[in-house]
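Student: In full-length UniProt numbering, the protein residues as written are 1 to 224. Ideal Cβ placement from N, Cα and C applies to all residues, glycine included. Okay, handing you the structure first.
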Amino acid sequence: HLCDRVRLGGDGEASSGEVLQFPPDLFPQNMERLGDYAEIRRLLECSRRGIRFGDRVLAAEVGRLIRSVDALSGTERLVRLYEILGRLARSADYRLISPAECVCRASWCPGSPMYAVEGYLAAHFRERVSLSALAAAAGRNPAALCRYFRERTGKTPFEYLAEMRIGLAVRLLKHSDLTCSQIAYESGFNSYALFVRQFRRITGRTPDRYRREISLEVGYSRTL
């Protein structure tokens with residue numbers, strides 16, 4: 001648990017933040033089959049896209065709980081973590097920050113099949129990826145890899161690859177002047193029509209519409 005105060009420029013107003021870190025292997029590997037973990041599993045899935053909670057009372061209460069962790073030890077710390085995650089999971093006042101999942105290779109153990117697969121995808125996502133190549137990188141046969149992958153992500157390797165590609169496309173739409181066609185190619189899509197279909201499936205919007213909405217949000221924030 002870390003607590004830090006950041007002094008902002010301008011009016012000199014201070015902002016504070018709380019960070020509570022925990023490893024993914026703290027939770028059962030078969031969470032998707034355990035009803036008691038449904039809320040927390042959904043929260044952790046959403047957190048890959050970033051979550052902003054709007055309930056200030058909840059934020060204050062969760063901040064207090066996080067600060068109390070340092071005074072606890074053993075199973076009490078674990079119980080407090082579950083309490084924090086449970087409260088956040090039950091909140092209805094939130095929004096997802098990114099329309100596409102942020103894939104973080106550091107969340108997997110080095111040397112694990114998942115780590116090997118993500119490394120291969122990161123290096124070859126612009127190419128045509130085959131299941132046999134992924135299986136070879138992970139040291140598994142294709143059928144075993146598909147089962148293993150779905151157990152840990154809830155997705156097939158190719159659904160996961162599509163989300164990696166769309167995640168990059170989202171960043172390029174936000175932070176570059178490339179055309180949507182150029183972004184499709186940079187993100188690993190050889191077909192613009194396929195890019196649009198995948199983008200809409202994952203984000204609910206077309207790339208053009210997403211870029212227009214981002215431009216409007218930026219323009220509005222600059223007038224405040």
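(1) For E163, count neighbouring Cβ atoms within 10 angstroms of its own Cβ and tell me buried if that reaches 16, exposed if not.
(2) In whole angstroms, what is the alpha-carbon distance linking L134 and S68?
(3) Please state whether DSSP places R205 in a helix, a strand or coil.
(4) Out of I40, V170, G139, A92, which one is the CA nearest neighbour of K113?
(5) Assess, as a yes-or-no matter, whether the stretch 193-204 is touched by the stretch 139-156 under the definition of 3 or more beta carbon pairs within less than 8 Å.
(6) Of the residues T179, R87, R80, A38, which one's Cα is nearest the Cα of V57?
(7) State buried or exposed for F199, treating a residue as buried only when at least 16 other CB atoms are found within 10 Å of its CB.
(8) Express the C-alpha separation of P23 and R77 in angstroms, rounding to a whole number.
(9) How far does the beta strand (DSSP E) with F53 in it extend, from its first residue to its last?
(10) In angstroms with no decimal places, state the Cα-to-Cα distance between R64 and D70.
(11) Suppose you measure from the CA of G154 to the CA of E127; what does that come to, to the nearest Å?
(12) So what does DSSP say about A89, is it helix, strand or coil?
(13) Considering only the beta carbon of each residue, do G54 and D93 sit closer than 8 Å?
(14) Determine, using beta carbons only, whether E186 and L173 come nearer to each other than 8 Å.
(15) Who are the near neighbours of S181 in its chain, counting only those whose CB is closer than 8 Å to its CB and skipping five residues on each side?
(16) With a cut-off of 8 Å on the beta carbons, I'd call L43 and L85 a contact; round off their distance for me.
(17) Entirely within the stretch 14-42 and at least 3 residues each: give me those beta strand (DSSP E) ranges in chain order.
(18) Is the beta carbon of I66 less than 8 Å from the beta carbon of L20?
(19) If you count every other CB in all the chains shown that lies within 10 Å of the CB of R90, and 16 or more means buried, which is it?
(20) How would you label G74, buried or exposed, when you count the other beta carbons within 10 angstroms and need 16 or more for buried?
(21) Determine, using beta carbons only, whether A144 and A116 come nearer to each other than 8 Å.
(22) Measuring only the C-alpha atoms, how far is F189 from R201?
(23) May I have the straight-line CA-CA distance separating G204 from Y210, to the nearest angstrom?
Tutor: Let me lay it out:
(1) Label assigned to E163: buried.
(2) Approximately 44 Å, taken between the alpha carbons.
(3) Coil at R205, not helix or strand.
(4) Residue 113 is actually Pro in this sequence, not Lys. Selected option, being the one with the closest Cα: G139.
(5) For the pair of segments examined, the stretch 139-156 was found not to touch the stretch 193-204: the number of CB pairs separated by less than 8 Å stays below three.
(6) The shortest Cα separation from V57 among T179, R87, R80, A38 belongs to R87.
(7) By the 10 Å Cβ count, F199 comes out buried.
(8) Distance between the alpha carbons of R77 and P23: 14 Å.
(9) Element bounds for F53: 51-53.
(10) Straight through space, the alpha carbons of D70 and R64 are spaced by roughly 11 Å.
(11) Near 24 Å, if we compare the C-alpha coordinates of E127 and G154.
(12) A89 falls in the helix class under three-state DSSP.
(13) For G54 and D93, yes; Cβs fall inside 8 Å.
(14) Their beta carbons are not under 8 Å apart, which means E186 does not touch L173 by this criterion.
(15) Non-local C-beta neighbours of S181 in its own chain, meaning closer than 8 Å and more than five positions away in sequence, comprise Y192, ordered along the chain.
(16) In this structure L43 touches L85 by the C-beta definition: roughly 6 Å separates them, less than 8 Å.
(17) With a minimum length of 3 residues, the continuous beta strand (DSSP E) runs that stay inside the stretch 14-42 are 14-19.
(18) In this structure, L20 lies closer than 8 Å to I66 by Cβ.
(19) It counts as exposed.
(20) G74 should be labelled exposed.
(21) Contact flag unset, no.
(22) Rounded to whole angstroms, F189 to R201 spans 15 Å at the Cα level.
(23) Rounded to the nearest whole angstrom, the CA to CA distance from G204 to Y210 is 9 Å.
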